[in-house]
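Since the structure comes first, as structure tokens, the remarks are kept for the end.
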Amino acid sequence: MDKNIFGDRLRQERTRLGLTQEAFAAIGGVKKLAQINYEQGKTLPDAGYMVSLAGIGVDISYVMLGVPTSNSLTDDENELLVGYRRLDLRGRARVLGVVEGIADAPASAVAKSGERHTQVIVHGEIGQQIHGNITAPQTIHVGRKKK
Numbered sequence: 015m016d017k018n019i020f021g022d023r024l025r026q027e028r029t030r031l032g033l034t035q036e037a038f039a040a041i042g043g044v045k046k047l048a049q050i051n052y053e054q055g056k057t058l059p060d061a062g063y064m065v066s067l068a069g070i071g072v073d074i075s076y077v078m079l080g081v082p083t084s085n086s087l088t089d090d091e092n093e094l095l096v097g098y099r100r101l102d103l104r105g106r107a108r109v110l111g112v113v114e115g116i117a118d119a120p121a122s123a124v125a126k127s128g129e130r131h132t133q134v135i136v137h138g139e140i141g142q143q144i145h146g147n148i149t150a151p152q153t154i155h156v157g158r159k160k161k
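All letters in the sequence shown, in the order written, are residues 15 to 161 by this note's numbering.
Printed below as a string of structure tokens:
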């Protein structure tokens, strides 16, 4: 088991539950320094610690294996998962592409006012169809092919 990945997942669960390192450590029966070491991937906790955390709703399956249990997901996450499982292989690939694209979006894409400014540059021929209202200012240049 990669200690760093374990530590990251443990930290995610602690923050999901809204607990400080000190409070989380106390629930697990350890000192704050031990909690810090677990989250930094320096050491791994014992089974008693994990059992204590399971008692407050920590998703042990996620922390240990990276596989969340369905009862630890929010309603939105459950709805997404159910919809994803209904998709064929092509649909799943599209969804994963969208998620990766959103996750990789640079923070600078969001302006201070909270508005999103995006520039799309396309080289080559494309076809596009837009459904719905377009509210952003847009300029579309249509010309002939470059020679």
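C-beta atoms are modelled at their ideal positions from N, C-alpha and C, and glycine is treated no differently. This structure is a prediction, so every number in the text was calculated from the model and none was measured.
Distance from the CA of G97 to the CA of V72, rounded to the nearest whole angstrom, comes to 25 Å. For the pair K45 and A39, the CB atoms are nearer than the 9 Å cut-off.
Under the DSSP assignment, R108 falls in the alpha helix (DSSP H) whose first and last residues are 103-117. Distance from the CA atom of T88 to the CA atom of Y52, rounded to whole angstroms, is 26 Å. In its chain, beyond the 5 residues on either side, S66, L67, I70 have a beta carbon closer than 7 Å to the beta carbon of I41. One Cα belongs to L110, the other to D60, and the distance between them is close to 35 Å.
In the structure shown, the three-state DSSP call for L24 is helix. Y76 is the residue among Y76, K17, Q54 whose C-alpha sits nearest the C-alpha of R30.
Separation of L103 and N18 (C-alpha to C-alpha, rounded to the nearest whole angstrom) is 32 Å. For the 9 Å CB-CB criterion, G43 and G62 form a contact. Counting every other CB atom within 10 Å of its CB across the protein chains shown gives L47 a total below 16, marking it as exposed. Fully contained in the segment 63-87 are the following alpha helix (DSSP H) runs of length 4 or more, in chain order: 74-79.
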